[in-house]
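No gaps in the numbering here: position 84 of the sequence shown is 247 in my numbering, and each next residue is one more. In this text, a Cβ means the ideal position worked out from N, Cα and C, and glycines have one as well.
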Amino acid sequence: MNNRANKKSNIGIYTFAIGLIIYIISYLVPTNIFNDFTQIKPIGMSTIFICPILGIIGLIFSIKSKSILFSILNLILVFSFPITMFVVYTLLGNA
Numbered sequence: 164m165n166n167r168a169n170k171k172s173n174i175g176i177y178t179f180a181i182g183l184i185i186y187i188i189s190y191l192v193p194t195n196i197f198n199d200f201t202q203i204k205p206i207g208m209s210t211i212f213i214c215p216i217l218g219i220i221g222l223i224f225s226i227k228s229k230s231i232l233f234s235i236l237n238l239i240l241v242f243s244f245p246i247t248m249f250v251v252y253t254l255l256g257n258a
């Protein structure tokens, strides 16, 4: 029974890790991969849809297991789109 409780407490860690991996992979994937389906780029797909969903799930389980570090990291994952937009706009400007 203890092993099962331990796996449940690690869901917040796993969702953050999966979200971070998806974010990094979507940055490296070519931008025209979804042109047959939609005009959205992979980084947009991951930051608008996938990362916030994983972040909310991870945030719920992190709060439940009282892990403050992964609660904050999953909250950053939820706000990955505005953070990415702010960083890119700050670095590149209107280019």
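In this structure, how does DSSP classify residue i when only helix, strand and coil are distinguished?
i, result
"G106", "Residue 106 lies beyond the range of the chain shown here (164 to 258); nothing can be said about it."
"I176", "helix"
"S228", "coil"
"T201", "coil"
"T247", "helix"
"I185", "helix"
Assuming residue i and residue j are in contact, meaning their beta carbons sit under 8 Å apart, how far apart are those beta carbons, in whole angstroms?
i, j, result
"A222", "V251", "The displayed chain sequence assigns Leu, not Ala, to residue 222. Incorrect: roughly 24 Å between the Cβ atoms, too far for contact."
"F179", "F244", "Not confirmed; about 16 Å, so no contact."
List the endpoints of the continuous alpha helix (DSSP H) containing residue i.
i, result
"N237", "I231 to V241"
"P205", "P205 to M208"
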